[in-house]
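Worksheet: the structure to be examined is printed underneath.
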Amino acid sequence: NAGVTQTPKFQVLKTGQSMTLQCAQDMNHEYMSWYRQDPGMGLRLIHYSVGAGITDQGEVPNGYNVSRSTTEDFPLRLLSAAPSQTSVYFCASRSPRPLAGGRDNEQFFGPGTRLTVL
Amino acid sequence: KNQVEQSPQSLIILEGKNCTLQCNYTVSPFSNLRWYKQDTGRGPVSLTIMTFSENTKSNGRYTATLDADTKQSSLHITASQLSDSASYICVVRAGDSSYKLIFGSGTRLLVRP
């Protein structure tokens, strides 16, 4: 299993440009999420999906769109990039099925995309 | 407000020494607490997850403790190695139906030879 993969690893954009960050997982996980990580702050949830065709907003959704046409893929689109979107973006996935004793299944993170908006 | 605070922000120790990282949270209701290790340039990787009823959980040289009464957790690293240099992130899941995860800002650990 490749786990959670993200492309590109690095990207530089100019203000106003649009782009799509790709995320794929091969673990057949229903739940997928996008986070951003900024210096001195914890990871913040941008958007998430509980299954193909179902998406919802997280804590910081403005300026981002998502779609989930398949279980495997969960792309994140920046509509019109702004310098405030300079960050490291992580995609994550997990199975919603609890483990024995009601434990959460583990959440797996991708390697991240480092985005700079000039 | 649901918050997770970690201390110290950064820490430097010599190889072979032990260290303890702290996590205080105000998340309510509480479901579980996780510790992640994040190497530079990589995504977080889970070390431990503890529910309300668990006080201690070990994963090799990593031992996490949880005091749900005082809402504190610690991560103890024994006999540190150079490969332990990373950021350690404390994450609390809220105990409602949202599966909301609240992330601490992490402790950056540097192990020197």
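From first to last, the protein sequence lines stand for chains A and B. My numbering numbers the first residue of the first sequence as 1 and each following residue consecutively. My numbering numbers the first residue of the second sequence as 119 and each following residue consecutively. No residue lacks a Cβ here, since even glycine has one placed at the ideal position from N, Cα and C.
Between the segment 188-207 of chain B and the segment 19-31 of chain A there are fewer than three C-beta pairs closer than 8 Å, too few to call the two in contact.
Listed along chain A, no residue sits closer than 8 Å to B:R226 by beta-carbon distance, the nearest being about 11 Å off. Residues of chain A with a Cβ closer than 7 Å to the Cβ of B:V210 do not exist, since the nearest Cβ in that chain sits about 10 Å away.
Judged by DSSP in its simplified three-state form, B:L200 adopts helix.
Nearest in C-alpha terms to A:L13, of all of A:Y89, A:N105, A:R97, A:P83, is A:P83. About 5 Å separates the beta carbons of A:A52 and A:T71, which is inside the 8 Å limit, making them a contact pair. For A:Q17, the secondary structure class from DSSP, reduced to helix, strand or coil, is coil.
Here the segment 140-152 of chain B makes contact with the segment 205-219 of chain B; the two share three or more CB pairs at distances below 8 Å. Between the C-alpha atoms of A:Q37 and A:V88 there is a straight-line separation of about 5 Å. Not a single CB atom of chain A sits nearer than 7 Å to the CB of B:G178. With a threshold of 7 Å between beta carbons, A:P111 makes contact with chain B. Looking at the DSSP output, B:L129 shares a beta bridge with B:L227.
In the structure shown, the three-state DSSP call for A:S69 is coil.
Chain B has no Cβ within less than 7 Å of the Cβ of A:M32. When DSSP states are grouped into helix, strand and coil, A:Q107 belongs to the coil group. The beta carbon of A:T5 is closer than 7 Å to those of A24, G110 in its chain, skipping five residues each way along the sequence. Taking 7 Å as the upper bound on Cβ-Cβ separation, chain B lies near no residue of the segment 50-79 of chain A. Going by beta carbons, A:Q11 and A:L115 fall inside the 7 Å limit. Under the three-state reduction of DSSP output, B:Q121 falls in the coil class, being neither helix nor strand. Between A:R44 and A:T55, the C-beta spacing is not below 7 Å. Neighbours of A:L21 in chain B, taken as residues whose beta carbon is under 9 Å from its own, are absent, since the nearest beta carbon is some 13 Å off. Taking 7 Å as the cut-off, the Cβ atoms of B:A182 and B:T196 do not count as close. In the structure shown, A:S93 falls within a strand segment according to DSSP collapsed to helix, strand and coil.
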